[in-house]
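Residue numbering for the sequence shown follows my numbering, starting at 64 and increasing by one per position. Report on the following structure.
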Amino acid sequence: MKRWGSSWALVIVLVGALCGGWSISQEREVTLRYKFPVKETRTYSLQVTGEMAMTVQILGQEAPAMISLQGTMTQTERIEDVDKEGVATIVTMTKGRMKTEVTGLPVGPETPQQEEIPEVTVRLKVDPLGKVKEVKVEKLGEKAEPQIPTPFGLDFTAMPQMQGMSWQGFLLPEKPVRSGDSWDITTEQTINFGDRTVKLEIKGQARLVGFDKVEGRDCAVIETTVEIPDFGEFFEAIPIPAEKGSINARVEGLSSGKVWFDITNGLVVKRDETTEVTMNLSISAPTGQSFNMSMQGNFKTEQRLTKVAQAQGKE
């Protein structure tokens with residue numbers, strides 16, 4: 064009986080120590096700031112998977128279909144300089160591949176096909192709180208003609224291209240926070256396409272839910288919820304040659320997920336996100352056909368920091 068009593072005492076002590084450690088961890092107060100070492104390059108891998116239910120209305124008929132998407136992308140961030148107020152000039156470059164499968168339509172392939180996601184290069188100005196001061200699209204690569212034409216000439220690589228035009232960060236709180244604290248991450252971004260300018264209001268909330276270690280990095284775990292803004296003006300501003308048709312779109316949805324933020328080094332190291340989106344499109348195809356399309360879908364995005372290259376060449 065003494066032996067069992069000693070064992071139970073040890074268990075109680077261990078549980079108490081663990082619970083005490085957890086309590087101390089969650090009561091921890093931290094100040095969160097992005098850090099921008101000049102000339103540092105950060106590389107992220109992104110995996111995007113999703114399905115969309117689509118209805119095409121053409122010539123008075125409706126045709127339902129399903130779209131499955133699997134994308135693999137690489138995004139690099141190069142910190143070019145930082146001004147005296149701490150605002151960094153960051154150049155991001157995103158590229159990758161997308162596998163699409165469309166089933167149910169009376170035209171087009173039903174076998175999966177791989178497509179290159181055209182390279183997108185964007186120059187941003189971002190302050191230590193994550194407020195984006197300026198966005199300029201420097202390169203919006205054109206997609207090579209697919210070996211197998213997609214239904215109605217649709218370009219399914221446009222969505223990951225749009226993701227490449229945004230910064231992976233979000234607004235951080237001005238004051239120190241503890242686990243359970245929330246803050247507003249609503250922001251307005253101005254995106255420049257040459258002589259065209261688009262303003263997007265992005266509404267959202269963030270909440271610190273705890274702390275974690277990711278490959279030895281001390282991270283704050285933050286839950287985010289973001290309303291997807293209306294991209295109607297965005298689509299209108301994208302420079303599309305007249306011979307490739309035109310598109311008008313209304314987009315709405317909600318994105319929620321978790322972000323692991325490296326407290327010491329001031330950068331995002333991991334993100335898991337789920338997005339629900341509804342799109343209504345009016346498309347004029349190069350063939351002269353015009354049709355309407357509605358889509359409802361769910362997407363999952365996994366982002367991981369894979370490499371940090373220092374200015375001195377050290378990694």
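All residues carry an ideal CB built from backbone N, CA and C; glycine is no exception.
For residue i, which option in the options has the closest C-alpha, if you only look at C-alpha atoms?
i, options, result
"Ala128", "Gly279, Phe99, Thr166", "Thr166"
"Lys108", "Thr364, Lys199, Phe274", "Contrary to the premise, residue 108 reads as Ser rather than Lys in this sequence. The candidate whose alpha carbon is nearest that of Ser108 is Thr364."
"Ile254", "Lys196, Ile291, Arg241, Glu237", "Lys196"
"Val240", "Lys321, Ile285, Asp144, Glu315", "Ile285"
"Lys202", "Ser319, Tyr97, Arg313, Val183", "Val183"
"Thr341", "Ser353, Asn311, Ile291", "Ile291"
"Glu264", "Trp323, Phe324, Lys194, Met117", "Lys194"
"Ser345", "Glu140, Ala312, Thr338, Ser318", "Ala312"
"Lys266", "Thr260, Thr249, Gly273, Glu125", "Thr249"
"Gln110", "Gln359, Met161, Phe233, Val145", "Met161"
"Val189", "Ile130, Val93, Leu132, Phe233", "Phe233"
"Thr337", "Asp293, Lys199, Val289, Ser357", "Val289"
"Gly360", "Glu90, Thr112, Pro191, Arg105", "Thr112"
"Lys276", "Glu92, Phe99, Asp325, Ala372", "Asp325"
"Gly134", "Met356, Val272, Gly159", "Gly159"
"Arg186", "Leu192, Ile142, Ser357", "Ile142"
"Pro181", "Glu103, Met156, Glu339", "Met156"
"Glu178", "Leu192, Val145, Leu132, Asp146", "Leu132"
"Leu95", "Ser353, Pro236, Asn355", "Pro236"
"Met358", "Asp281, Leu271, Asp146, Ala126", "Ala126"
"Glu90", "Gly273, Arg105, Ser245, Ile130", "Gly273"
"Arg105", "Glu339, Asn328, Ser353", "Asn328"
"Cys282", "Val200, Leu368, Met117, Asn355", "Leu368"
"Asp146", "Pro191, Thr137, Ile130, Gln176", "Pro191"
Given the structure, does residue i come close to the ligand FAD, in the sense that its CB is under 8 angstroms from one of the ligand's heavy atoms?
i, result
"Pro127", "Because no ligand of any kind appears in the structure shown, any question about the ligand FAD cannot be addressed here."
At what residues does the beta strand (DSSP E) containing residue i begin and finish?
i, result
"Arg259", "259 to 277"
"Gln133", "124 to 145"
"Glu182", "176 to 189"
"Lys102", "Element bounds for Lys102: n/a, residue is neither H nor E."
"Ile326", "Looking at the DSSP string, Ile326 is not in any beta strand (DSSP E), and its letter there is neither H nor E."
"Gly293", "A small correction: the amino acid at residue 293 is Asp; Gly does not occupy that position in the sequence shown. Counting along the chain, Asp293 falls outside any beta strand (DSSP E), and DSSP gives it neither H nor E."
"Gly360", "353 to 372"
"Glu164", "151 to 166"
"Leu192", "First-last for Leu192: undefined, no H or E at that position."
Reducing DSSP to helix, strand and coil, say where residue i ends up.
i, result
"Gln224", "Bear in mind that the predicted position of Gln224 carries a pLDDT of just 48, short of 50, making it too unreliable to give a figure here."
"Glu92", "coil"
"Asp335", "strand"
"Phe215", "The predicted model places Phe215 with a pLDDT of 47, which falls under 50 and marks its position as unreliable, so this point remains unresolved."
"Ile248", "coil"
"Leu235", "coil"
"Arg313", "strand"
"Tyr97", "coil"
"Gly113", "strand"
"Gly243", "coil"
"Gly148", "The question names Gly, but residue 148 is Glu in the sequence shown. Coil."
"Gly84", "Residue confidence is low: Gly84 scores 46 on pLDDT, short of 50, so the model does not pin down where it sits. No coordinate-derived value is stated."
Report buried or exposed for residue i, applying the criterion of at least 16 other Cβ atoms within 10 angstroms of its Cβ.
i, result
"Gln120", "exposed"
"Gly279", "exposed"
"Val101", "exposed"
"Gln252", "buried"
"Lys333", "buried"
"Asp258", "exposed"
"Gly351", "exposed"
"Thr163", "buried"
"Glu148", "exposed"
"Gly243", "exposed"
"Glu140", "buried"
"Ser122", "It should be pointed out that residue 122 corresponds to Leu in this sequence rather than to Ser. Burial call: exposed."
"Glu103", "buried"
"Gln124", "exposed"
"Gln373", "exposed"
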